[in-house]
Amino acid sequence: MIEVQSLTKRFADEAAVSEVTFSVRQGEIVGFLGPNGAGKTTTMRVLTGFLPPTGGAARIAGHDIVKESRQARANLGYLPESAALYPEMRVREYLAYRARLEGVAGSQVGPRVDEAVARCLLEEVAERKVENLSRGYRQRTALAGALVHQPPVLILDEPTVGLDPAQIIKIREMIRSLGRERAVLLSTHILPEVDAVCDRVLIIDRGRIIAEGTPQELRGRMAGSPVVRAAFKGEVPAREAVAGLPGVVAVEQGNGDGETRLRIECAEGSDPAEEIFHLAVARGWILRELSREALSLEDVFVRLTRHESASAEATADPSADSSAEASAKAEAEAKAEAKAEAPVKAEGDS
Amino acid sequence: MRKFLAIVGREWRAYFLSPLAYVILAAFLVMNGLIFYAIVSFLNAPNAPKGQALPYLFTNTYFWIFNLFVVPIISMRLFAEERKSGTIEILLTSPVTETEAVLGKFAGALGFFLTLWAPTLLYVWILRSQTPIDLGPVASGYLAILLLGAYFLSVGTFASTLTKNQIVAAILAFGMLIPIFSAGLAQSMVVSPGARDVLGYFNLWDHMDEFARGIVDTRRLVYYLSATALFLFLSVVSLTAKKERP
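Sequence order for the protein chains is S and G.
According to the numbering used here, the first sequence is numbered sequentially starting from 179.
According to the numbering used here, the second sequence is numbered sequentially starting from 16.
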């Protein structure tokens, strides 16, 4: 539904987006992930026809965004980053205006507005003026505006900004349900969102796509060799025994809290967890922890977008906005701790 | 067409949802009320010619001052406000062309301008019940209001596409309207008959006097309509060019 071929957008001499190629199929939710200023919004503005491309081509539902701009625009719903609204209008009035602007037939406007209101949980405020709404309701009103005409393609620039955790979960559920029959491209710099919502991820940095795949694939690609963590009660000579198991490459030991803790690096494709369990049973050691270390998407993201020179600002940027992400970043950097939990924790915070 | 009407309707209603509209409306009615009072006083004089006073509704100094100041204020928000708030992104990514967007907003503003004038029809009705009035000049007077309003508002629309600051848009519009208005007034200051003819073509004050007397000159129609079209076209060009630099 969205096909992008070598899309380039330059401002003066600076390329905001260069040679970006990707596609989004019907029934697929693709996350657009990148630090601030990476080119996410610019790409979306070009796709929605707000900015003309400098080079390359893109099609929305089969319509070229330059030559058939109007048909392309008729097939998409767009939530801009600003989520701008007309403050003097009432929610229902605004949605009716958006529906008419998108060409919904007169008799259909009412039902479509009701549907969007229900879908975005706006019943309570439907007759209120936009200027009197909280940030969360405004964001949902803007989102409702993007889908009131039920377009086959949705382009959402940071759809969950400004929502509280309960609303975030509801809106994500809604986006997932929308994604079943539509093509959805959403940008975010909230990493757990990608894990929670997206089928596929595009990581963009400095105007270029630097990685693409499912969240699992990206983690797998970056993780390298798998790592297993084990902890035994008391001080036991586990290190030597484990090192002898098949598939084990290296073992690091760290003791504390009356435990013997091991970090076991394994050969690719091998999983010595079962052998460690049998070993513990055979030796009579009490096994208190046995887990596979999963690389969080934060780690993938930080590794991919770390630059040699400007690394400090570039990687600090995406986390500067909210405390949730700041904590996510802190977790990512303190790699010694249990990484498998990072996405869950960060989601709870955000 | 449906989309165009959606824009017109939203623009027209947006005026009545802002306090500014009521300030303009009140000021306008006070001004015209005073003019009407003057007209009635004039007609009350024993030697007043019957039915000759109504043109003053369109040809007094206050009429010009009001239009020159108020039209830029009406038009300043059209695009500047949307650009400032970011809603321009929604407007321009919906399946409407730049032309539809410009015409829709312009028509909404013109609708508000005509709404300002609508209550003055009451004056005509009141006068008519007291003294015989020739409706021909009244109709041509209101036609002139429509033409002049469209012309000035098209200039204001163009000014509003140039900036995201509404005050700057109003000042730009005023800055363009002043030469447009005063060029023709220079007619009386030049001697060369050729130059006088040319300047007469732009003498809005004289045109308005003609219309108010019931003279509908095709040259005037051509001037107002083509100038309006020119500024609306410039607005479309400006809006399209601005897409390069959001």
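Backbone N, C-alpha and C fix where the C-beta goes; we use that ideal spot for every residue, glycine too.
Here the structure is a predicted model, which is why all the values come from computation and not from measurement.
I'd like to know whether the C-beta atoms of residue i and residue j end up nearer to each other than 8 Å.
{"i": "Ile442(S)", "j": "Val406(S)", "result": "yes"}
{"i": "Leu72(G)", "j": "Ile54(G)", "result": "yes"}
{"i": "Thr135(G)", "j": "Leu254(G)", "result": "no"}
{"i": "Phe78(G)", "j": "Tyr138(G)", "result": "no"}
{"i": "Thr483(S)", "j": "Asp383(S)", "result": "yes"}
{"i": "Ala123(G)", "j": "Ile22(G)", "result": "Here the sequence assigns Gly to residue 123(G), which means Ala is not the residue at that position. Yes, they are a contact pair."}
{"i": "Pro337(S)", "j": "Gly255(S)", "result": "no"}
{"i": "Met144(G)", "j": "Phe246(G)", "result": "It should be noted that the sequence gives Ser, not Met, for residue 144(G). In this structure, Phe246(G) does not lie closer than 8 Å to Ser144(G) by Cβ."}
{"i": "Thr102(G)", "j": "Tyr264(S)", "result": "yes"}
{"i": "Gln183(S)", "j": "Ala235(S)", "result": "yes"}
{"i": "Glu305(S)", "j": "Arg268(S)", "result": "yes"}
{"i": "Ile381(S)", "j": "Gly212(S)", "result": "yes"}
{"i": "Pro110(G)", "j": "Gly281(S)", "result": "yes"}
{"i": "Leu93(G)", "j": "Thr172(G)", "result": "yes"}
Express the C-alpha separation of residue j and residue i in angstroms, rounding to a whole number.
{"i": "Met46(G)", "j": "Asn75(G)", "result": "11 Å"}
{"i": "Ser331(S)", "j": "Ala374(S)", "result": "Before going further, note that residue 331(S) is Val rather than Ser in the sequence given. So the two alpha carbons sit approximately 20 Å from each other."}
{"i": "Gly314(S)", "j": "Glu351(S)", "result": "16 Å"}
{"i": "Leu311(S)", "j": "Leu44(G)", "result": "35 Å"}
{"i": "Ala190(S)", "j": "Lys258(G)", "result": "14 Å"}
{"i": "Glu209(S)", "j": "Ala445(S)", "result": "Sequence inspection shows Gly at residue 209(S); the Glu mentioned does not correspond to that position. Going from the Cα of Gly209(S) to the Cα of Ala445(S) covers about 31 Å."}
{"i": "Leu150(G)", "j": "Leu49(G)", "result": "22 Å"}
{"i": "Thr226(S)", "j": "Ala451(S)", "result": "50 Å"}
{"i": "Arg237(S)", "j": "Pro230(S)", "result": "13 Å"}
{"i": "Gln249(S)", "j": "Ile39(G)", "result": "40 Å"}
{"i": "Arg234(G)", "j": "Arg211(G)", "result": "16 Å"}
{"i": "Glu371(S)", "j": "Leu129(G)", "result": "51 Å"}
{"i": "His327(S)", "j": "Leu162(G)", "result": "37 Å"}
{"i": "Ala29(G)", "j": "Gly391(S)", "result": "46 Å"}
{"i": "Glu511(S)", "j": "Arg397(S)", "result": "At Glu511(S) the pLDDT is 44, less than 50, meaning the model places this residue with poor confidence and gives no usable figure here."}
{"i": "Gly215(G)", "j": "Ile195(G)", "result": "12 Å"}
{"i": "Leu356(S)", "j": "Val427(S)", "result": "45 Å"}
{"i": "Val183(G)", "j": "Phe121(G)", "result": "18 Å"}
{"i": "Leu200(G)", "j": "Leu219(G)", "result": "8 Å"}
{"i": "Gly436(S)", "j": "Ala344(S)", "result": "40 Å"}
{"i": "Thr146(G)", "j": "Ala41(G)", "result": "28 Å"}
{"i": "Phe479(S)", "j": "Leu300(S)", "result": "34 Å"}
{"i": "Pro258(S)", "j": "Glu104(G)", "result": "7 Å"}
Around the C-beta of residue i, are 16 or more other C-beta atoms found within 10 angstroms, so that it is buried, or is it exposed?
{"i": "Tyr37(G)", "result": "exposed"}
{"i": "Met10(G)", "result": "Past the boundaries of the shown model lies residue 10(G); chain G is included only from 16 to 261, so the question cannot be answered."}
{"i": "Phe127(G)", "result": "buried"}
{"i": "Arg470(S)", "result": "exposed"}
{"i": "Trp2(G)", "result": "Only positions 16 to 261 of chain G appear in this structure, which leaves residue 2(G) out of reach."}
{"i": "His367(S)", "result": "buried"}
{"i": "Met223(G)", "result": "buried"}
{"i": "Ala498(S)", "result": "The predicted position of Ala498(S) is uncertain, since its pLDDT is 40 and thus under 50; a value taken from the coordinates is nonetheless stated next. It counts as exposed."}
{"i": "Phe200(S)", "result": "buried"}
{"i": "Arg203(S)", "result": "exposed"}
{"i": "Pro424(S)", "result": "exposed"}
{"i": "Asn62(G)", "result": "exposed"}
Would residue i pass as an interface residue toward chain G - the criterion being a Cβ-Cβ separation below 8 Å?
{"i": "Gly227(S)", "result": "yes"}
{"i": "Asn310(S)", "result": "no"}
{"i": "Ser260(S)", "result": "yes"}
{"i": "Glu266(S)", "result": "yes"}
{"i": "Pro230(S)", "result": "yes"}
{"i": "Arg278(S)", "result": "yes"}
{"i": "Arg251(S)", "result": "yes"}
{"i": "Arg188(S)", "result": "no"}
{"i": "Tyr275(S)", "result": "yes"}
{"i": "Gly281(S)", "result": "yes"}
{"i": "Tyr315(S)", "result": "no"}
{"i": "Leu300(S)", "result": "no"}
{"i": "Arg248(S)", "result": "yes"}
Is there a Cβ from chain S that is less than 8 Å from the Cβ of residue i?
{"i": "Ser250(G)", "result": "no"}
{"i": "Leu107(G)", "result": "yes"}
{"i": "Val38(G)", "result": "no"}
{"i": "Gly101(G)", "result": "yes"}
{"i": "Thr112(G)", "result": "yes"}
{"i": "Ser33(G)", "result": "yes"}
{"i": "Ala29(G)", "result": "yes"}
{"i": "Glu104(G)", "result": "yes"}
{"i": "Arg17(G)", "result": "yes"}
{"i": "Arg143(G)", "result": "no"}
{"i": "Lys120(G)", "result": "no"}
- With a floor of 3 residues, list each beta strand (DSSP E) that falls wholly inside the stretch 279 to 359 of chain S, ordered by position along the chain. 331 to 335
For the stretch 329 to 350 of chain S, list every residue whose C-beta sits within 8 Å of some C-beta in chain A, in sequence order. Any reference to chain A falls outside this structure, whose protein chains are S and G.
Could you give the uninterrupted runs of the beta strand (DSSP E) lying entirely in the stretch 205 to 289 of chain S, keeping only those of 3 residues or more? 206 to 211, 233 to 238 and 254 to 257
Unbroken stretches of the beta strand (DSSP E), 3 residues or longer, contained in the stretch 353 to 434 of chain S:
Taken in chain order, the unbroken stretches of beta strand (DSSP E) that lie wholly in the stretch 353 to 434 of chain S and span 3 residues or more are 361 to 366, 378 to 383, 386 to 391, 405 to 411 and 426 to 434.
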